[in-house]
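In order, the protein sequence lines correspond to chains A, B and C.
Counted from 1, the first sequence has number 85 at position 86 by numbering that gives the first Met the number 0; the numbering is strictly sequential.
Counted from 1, the second sequence has number 27 at position 28 by numbering that gives the first Met the number 0; the numbering is strictly sequential.
Counted from 1, the third sequence has number 383 at position 384 by numbering that gives the first Met the number 0; the numbering is strictly sequential.
For each residue, glycine too, the CB sits at the ideal point set by N, CA and C.
Treat the numbers as computed from the prediction; the structure is a model and nothing was measured.
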Amino acid sequence: MSEAAKEKWGMVIDLDACDGCQACVTACSLENNVAFAGEESVAYGHGMHWLRIQRYWEGEYPNITARYRPVMCQQCGAAPCEPVCPVFATYHSEAEQINVQVYNRCIGTRYCANNCPYEARTFNWFDFEWPEPLNAQLNPDVTVRRRGIMEKCTFCIQRIRRAEEDAKAEGREVADGEVQPACAQSCPTQAIVFGNLADPKSKVSRLARSARAEKLLEDLGTEPKVIYLKGGSDRDR
Amino acid sequence: MSEKSTHAHMAVFAKIDHIAEALERLREFGIQEKDMSVISGYPISDEMLGRPMVWSNVPKIAMGGFIGAFIISIALNWGTPLLYPIHVGGQPLLPVPPTIILTFEISMLGLMLSTFLGVLWESLFPSYGPKIYHPDVSHGKIGLVFTCPDDQCAAIHKALTEAGAEWVRQMEAKPL
Amino acid sequence: MTANIPAIPLGDAHHDAEAEYREEHLMLDPRPREEMNNMVLESMRDKSLSFWVTAGVLGMLVAVALFGAWGYMIANGMGVTGIRRPVFWGVFIANFVFWIGISHAGTFVSAILRVFKAEFRRPFTRAAELMTTFGLAAAGLYPLIHLGRTWRFYWMIPYPNQRWLWPNFHSPLVWDMIAITTYLLSSTMYLYLPLIPDLAMARDHSEGWAKKIYGWLAMGWRGTEAEFRHLNTAINIFAFAIIPVMFSVHTIVAWDFAVSKVVGWHSTVFGPYFVTGAILSGVSAVTMVLALIRGTMKNMKYFIRPEHFDALGKLVLIFSMSWGYFFFNDFNLEWYGGEAAGHAVMEYHTKGPLAWIWYGMLIANLVIPWATLWNKNVRRNPWAMFVIGFIINLGMYAERYMIVTFVLSRGRMPFDWGWYKPSLVELAISLGSIALFLFLYVVASRLIPLVPVWEVQEGQLAHTLRKIGRATVISVSELE
């Protein structure tokens with residue numbers, strides 16, 4: 000097992016603030032050139048979303064509530080997806096402490112997707128097209144994947160890289176809040192906060208120390224880097 | 000070694016008892032063990048024929064192959080991650096269970112490949128040159144191939160026929 | 000050369016006993032070697048119209064259903080299958096495990112029975128070993144078929160390259176690849192070695208092109224003492240060495256599932272469970288193939304007799320019980336002390352919309368063998384054994400299908416549960432791989448002698464009848 004958990008990039012999601020609006024899902028798809036598979040495909044499970052909002056209905060009529068939980072790749076410290084890939088297409092970045100997916104190495108065995116307890120990975124079932132003028136929306140910082148390749152949330156590593164390069168060029172450290180993945184940037188209730196968990200003064204570290212903090216499927220020992228805050232809203236009384 | 004001219008001959012028998020008897024007769028004529036050879040369509044043990052044991056190096060070759068493959072598997076299992084380390088799943092770089100599994104498989108592959116190649120090597124296979132042979136052997140008869148000096152041929156032929164040979168003749172080596 | 004059955008003075012009362020033994024046991028019914036040679040060669044050379052039609056239809060199925068559908072899938076993407084989130088593995092992996100299971104048949108018969116000196120194996124070791132080789136050929140396609148980028152499969156092979164990239168030896172799929180390669184190469188060599196004397200026999204009985212090819216394959220075999228010594232030594236080494244390889248191959252395939260974090264897969268019993276299931280489905284498949292050979296090929300009724308089906312039937316019953324033992328191990332523990340996620344998986348198996356598959360599996364693998372195979376008359380009947388073997392193989396396929404797809408559809412988070420529906424492409428490829436196995440088998444049966452005549456003769460030499468008191472009994476000697 001890994002040594003005393005190393006940390007760098009992490010994310011806190013406040014479930015009491017999340018209202019399930021799916022803005023984060025949309026923003027993620029646009030930022031990362033995620034293909035639009037169509038309604039039927041998504042209903043069958045061929046959807047390409049990197050980030051999904053799990054919705055659970057609770058209660059009996061007329062006291063029904065919906066619980067929302069945005070789930071994306073948890074960037075596990077002891078990721079079950081990594082050792083099972085036969086070609087090292089997914090491995091642990093020691094510098095960034097996130098799980099890296101290498102598109103041009105993936106041969107599509109889909110073992111990583113089976114082994115992920117969070118069902119966070121998606122697979123390119125087909126070659127998708129962006130007919131003109133839709134191809135103008137593609138983000139040039141992110142590869143467009145062809146069929147047969149696994150993909151998943153990368154904590155917008157292209158934005159992390161850009162911030163690190165800018166900071167290095169200016170001879171300083173990356174400031175807290177400088178890196179905003181697309182989901183954090185677009186959330187209207189600011190339920191998603193991203194930052195450096197290794198810095199005890201960053202916003203994400205302070206929120207992670209909250210009494211409401213929990214991790215998803217924590218007892219599996221995967222050491223996820225996404226912390227959920229839950230249990231302080233009116234609805235739970 | 001004498002300068003007498005010798006030729007290869009073959010006698011064919013239907014029963015193990017007869018050929019064992021025939022081998023005795025040949026020894027009485029002074030033919031050496033190395034100049035006698037038994038060919039058959041099914042395995043007959045050396046003891047049944049009264050012949051010296053045939054030594055086979057196949058087990059040694061097999062062991063050599065096992066050790067060679069073991070070394071290759073250690074190189075793959077430990078050499079490649081040490082040279083080009085990639086961290087996965089919070090597991091150590093040189094984990095023990097995968098090492099055991101792969102080392103076992105690759106070593107067994109080496110054992111079996113070298114056993115197979117060992118048979119080919121020891122039997123000098125494949126060899127398509129001319130040989131002393133007659134299809135009666137695969138028809139179920141047992142063949143006795145021997146070299147005898149020309150002046151003793153007739154006497155030996157007679158002795159073998161008495162011992163139960165179905166036929167005895169001088170043979171030319173031919174491609175099979 | 001006839002085996003020496005001693006001319007014991009037998010009274011009339013015992014004369015029937017000897018004739019009965021002769022009819023019942025191949026090993027006590029020796030014929031002259033040349034007669035056996037001709038019987039085997041005749042069945043090999045018999046190419047009737049039904050053979051050509053069968054081979055033609057199977058060949059066409061292989062071309063269209065297997066390679067055609069596969070090409071279509073490569074060109075269009077895996078989306079043409081029913082695989083989806085969360086069931087990322089489907090029929091292809093179930094087929095893969097199934098074929099690896101079938102391939103255990105040959106090794107069990109030719110290696111384990113050889114090591115235990117079970118003489119009844121002699122006439123059908125090659126028929127079973129062919130099943131191993133062709134089963135592995137069919138199985139070995141599936142790790143390629145199920146890849147998203149099949150054309151990059153070679154990255155799983157360890158070779159030095161300019162990117163300094165090696166395969167990930169932590170991955171069970173790499174263990175699979177190396178284990179299956181080892182097993183395929185070993186079983187091909189183990190098929191080939193005892194075949195050499197029979198190829199020499201075929202060479203001596205052929206003309207023209209056939210003689211040239213058999214001669215080339217026989218590598219100059221004559222049958223000298225040294226040649227037999229080296230061959231027998233090698234065959235013995237192989238027999239002992241291939242048994243652990245056989246166990247390890249299916250265990251490693253089981254570990255594809257068992258090492259994962261998937262609830263319902265992560266079970267310590269999977270290794271032996273899969274090996275036992277493989278031997279069960281393999282031996283059942285051997286009975287099916289032997290029934291077909293005996294029924295459709297000339298002269299095979301001499302070599303393959305009810306005694307062989309009887310012996311195999313007992314093995315099938317024993318392995319059906321072992322399978323039941325391991326199945327209950329897995330079931331009982333999950334039922335009793337499993338977590339909620341495990342119980343959800345069990346409920347899908349036993350009470351879900353496809354629960355009939357689960358019950359069908361239990362009936363096929365346990366109820367039917369236990370109800371029928373205790374009966375000697377059933378075991379001795381080739382067609383009854385064919386039907387029972389077929390039903391067991393259906394049950395074992397259902398088991399693999401459920402392990403792969405049912406378990407994946409019920410993960411830990413109910414929002415992400417999903418129902419898997421195989422598509423026509425997957426069914427076509429499955430049908431194509433069955434056709435491939437049968438095609439290769441049918442063609443091989445007409446190219447090489449199916450019965451190892453020299454091994455049968457060796458066995459017949461070792462068996463005699465002798466009298467103990469008033470009884471005439473079978474006596475087997477150790478010839479080596």
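Report yes if the CB atom of residue i is closer than 8 Å to the CB atom of residue j, and no otherwise.
{"i": "residue 175/C", "j": "residue 251/C", "result": "yes"}
{"i": "residue 170/C", "j": "residue 84/A", "result": "yes"}
{"i": "residue 453/C", "j": "residue 41/B", "result": "yes"}
{"i": "residue 186/C", "j": "residue 241/C", "result": "yes"}
{"i": "residue 54/A", "j": "residue 65/A", "result": "yes"}
{"i": "residue 284/C", "j": "residue 392/C", "result": "yes"}
{"i": "residue 114/B", "j": "residue 72/B", "result": "no"}
{"i": "residue 431/C", "j": "residue 60/C", "result": "yes"}
{"i": "residue 158/A", "j": "residue 173/A", "result": "no"}
{"i": "residue 96/A", "j": "residue 88/A", "result": "no"}
{"i": "residue 384/C", "j": "residue 269/C", "result": "no"}
{"i": "residue 184/C", "j": "residue 112/B", "result": "yes"}
{"i": "residue 287/C", "j": "residue 103/C", "result": "no"}
{"i": "residue 125/A", "j": "residue 78/C", "result": "yes"}
{"i": "residue 201/C", "j": "residue 213/C", "result": "yes"}
{"i": "residue 28/C", "j": "residue 21/C", "result": "yes"}
Nearest to residue i by CA position, among the options, is which residue?
{"i": "residue 87/C", "options": "66/A, 143/A and 109/A", "result": "109/A"}
{"i": "residue 277/C", "options": "57/C, 97/C, 167/C and 50/C", "result": "97/C"}
{"i": "residue 139/B", "options": "129/C, 204/C and 137/C", "result": "204/C"}
{"i": "residue 327/C", "options": "294/C, 197/C and 361/C", "result": "361/C"}
{"i": "residue 239/C", "options": "67/C, 226/C, 302/C and 106/C", "result": "106/C"}
{"i": "residue 117/A", "options": "94/C, 182/C, 424/C and 414/C", "result": "414/C"}
{"i": "residue 24/C", "options": "467/C, 469/C and 463/C", "result": "463/C"}
{"i": "residue 193/C", "options": "472/C, 389/C, 447/C and 469/C", "result": "447/C"}
{"i": "residue 157/B", "options": "173/B, 28/B, 13/B and 53/B", "result": "28/B"}
{"i": "residue 540/C", "options": "384/C, 265/C and 78/C", "result": "What is shown of chain C runs 0 to 479, which leaves residue 540/C out entirely."}
{"i": "residue 130/A", "options": "18/A, 34/A and 13/A", "result": "34/A"}
{"i": "residue 237/C", "options": "336/C, 457/C and 114/C", "result": "114/C"}
Please list, in chain order, the chain C residues whose beta carbon lies closer than 7 Å to that of residue i.
{"i": "residue 110/B", "result": "240"}
{"i": "residue 101/B", "result": "168, 174 and 177"}
{"i": "residue 216/A", "result": "411"}
{"i": "residue 61/B", "result": "236"}
Name, please, each residue of chain B whose Cβ falls closer than 8 Å to the Cβ of residue i.
{"i": "residue 170/A", "result": "Residues of chain B passing the Cβ test: none, with the nearest at roughly 30 Å."}
{"i": "residue 132/C", "result": "None at all; the shortest Cβ gap to chain B is about 14 Å."}
{"i": "residue 200/C", "result": "40 and 137"}
Going along chain A, which residues have a C-beta under 8 Å from residue i?
{"i": "residue 481/C", "result": "There is no way to answer for residue 481/C, as the model of chain C reaches only from 0 to 479."}
For residue i, return the contacting residues in chain C, with the cut-off set at a CB-CB distance below 9 Å.
{"i": "residue 95/B", "result": "Those do not exist, as residue 95/B stays about 11 Å from chain C at its closest Cβ, beyond 9 Å."}
What residues from chain A crowd round residue i, counting only those whose CB sits closer than 7 Å?
{"i": "residue 85/C", "result": "118"}
{"i": "residue 171/C", "result": "83"}
Residues of chain C with CB under 8 Å from residue i, in chain order?
{"i": "residue 45/A", "result": "78, 83 and 84"}
{"i": "residue 50/B", "result": "224"}
Taking residue i as the query, report the chain B residues whose CB atoms sit under 9 Å from its CB, ordered along the chain.
{"i": "residue 78/A", "result": "87, 88 and 89"}
So which residues on chain A does residue i lean against when the C-beta distance must stay under 9 Å?
{"i": "residue 147/C", "result": "105, 106, 107, 108, 109, 122, 123, 124, 146, 147, 148 and 149"}
{"i": "residue 30/C", "result": "Chain A residues near residue 30/C: none, gap ~53 Å exceeds 9 Å."}
Does the ligand COA have a heavy atom nearer than 7 Å to the CB of residue i?
{"i": "residue 406/C", "result": "Absence of the ligand COA is noted for the structure shown, with no ligands found whatsoever."}
Going along chain E, which residues have a C-beta under 7 Å from residue i?
{"i": "residue 55/A", "result": "Of the protein chains in this structure, namely A, B and C, none is chain E."}
Contact between the stretch 101-118 of chain A and the stretch 116-130 of chain B (3+ Cβ pairs under 8 Å)
no
Taking 8 Å as the threshold, find out whether the stretch 63-77 of chain A comes into contact with the stretch 209-224 of chain A through three or more Cβ pairs.
yes
Using 8 Å as the cut-off, can you tell me whether the stretch 131-140 of chain B makes contact with the stretch 66-77 of chain B, which would need three or more C-beta pairs spanning the two stretches below that distance?
no
Under 9 Å, CB to CB, which of the residues in the stretch 21-47 of chain B have a partner in chain C?
36, 37, 38, 39, 40, 41, 42, 43, 44, 45 and 47
Closer than 7 Å between beta carbons: that is the criterion. Which residues of the stretch 80-98 of chain A meet it against chain C?
82, 83, 84, 85, 86 and 87
Between the stretch 92-109 of chain B and the stretch 143-150 of chain B, can you find at least three pairs of beta-carbon atoms closer than 8 Å?
no
Taking Cβ-Cβ distances below 8 Å as the criterion, which residues of the stretch 331-350 of chain C are in contact with chain A?
Here the close residues number zero.
Can you give me, in chain order, the residues of the stretch 254-286 of chain C that have a beta carbon less than 7 Å from any beta carbon in chain A?
Listed by position along the chain: 259, 260 and 261.
Counting pairs of Cβ atoms below 8 Å between the stretch 128-142 of chain A and the stretch 429-445 of chain C, do you hit three or more?
no
Compile a chain-ordered list of the residues in the stretch 35-53 of chain C whose CB is closer than 8 Å to at least one CB of chain A.
Sequence-ordered contacts of the stretch 35-53 of chain C with chain A are nonexistent [C-beta pairs closer than 8 Å].
At least 3 beta-carbon pairs within less than 8 Å: the stretch 306-319 of chain C vs the stretch 368-378 of chain C:
yes
Kindly confirm or deny that the stretch 58-68 of chain B and the stretch 33-51 of chain A touch, where touching means at least three C-beta pairs closer than 8 Å.
no
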